[in-house]
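Chemist: First the structure, which I've put down as structure tokens, then a few questions once you've had a look.
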Amino acid sequence: MTVVERREVALVDLLDRLLAGGVVITGDITLRIASARTLGEQA
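First residue of the sequence shown: 538, per my numbering; consecutive thereafter.
Below you can see the structure in the form of structure tokens.
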């Protein structure tokens, strides 16, 4: 039987680690609250 350690990583921490390693992320970000588009940002 193998024991697997499970760690929860916040999205911000994951992005920080990827960007620190030289990964470039491009895309669109849309924040929604109560199914209404409130803010859109294009990266």
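All C-beta atoms in this analysis are idealised placements derived from N, C-alpha and C, irrespective of residue type, glycine included.
Keep in mind it's a predicted model, so treat the numbers as computed, not measured.
Need the endpoints of the alpha helix (DSSP H) that A557 sits in, please.
Modeler: That run of the alpha helix (DSSP H) goes L548 to A557.
Chemist: When you compare only the Cα positions, how much space is there between A547 and L555?
Modeler: Answer to the nearest angstrom: the Cα atoms are 13 Å apart.
Chemist: How long is the line joining the alpha carbons of R544 and L551, rounded to whole angstroms?
Modeler: Rounded to whole angstroms, R544 to L551 spans 12 Å at the Cα level.
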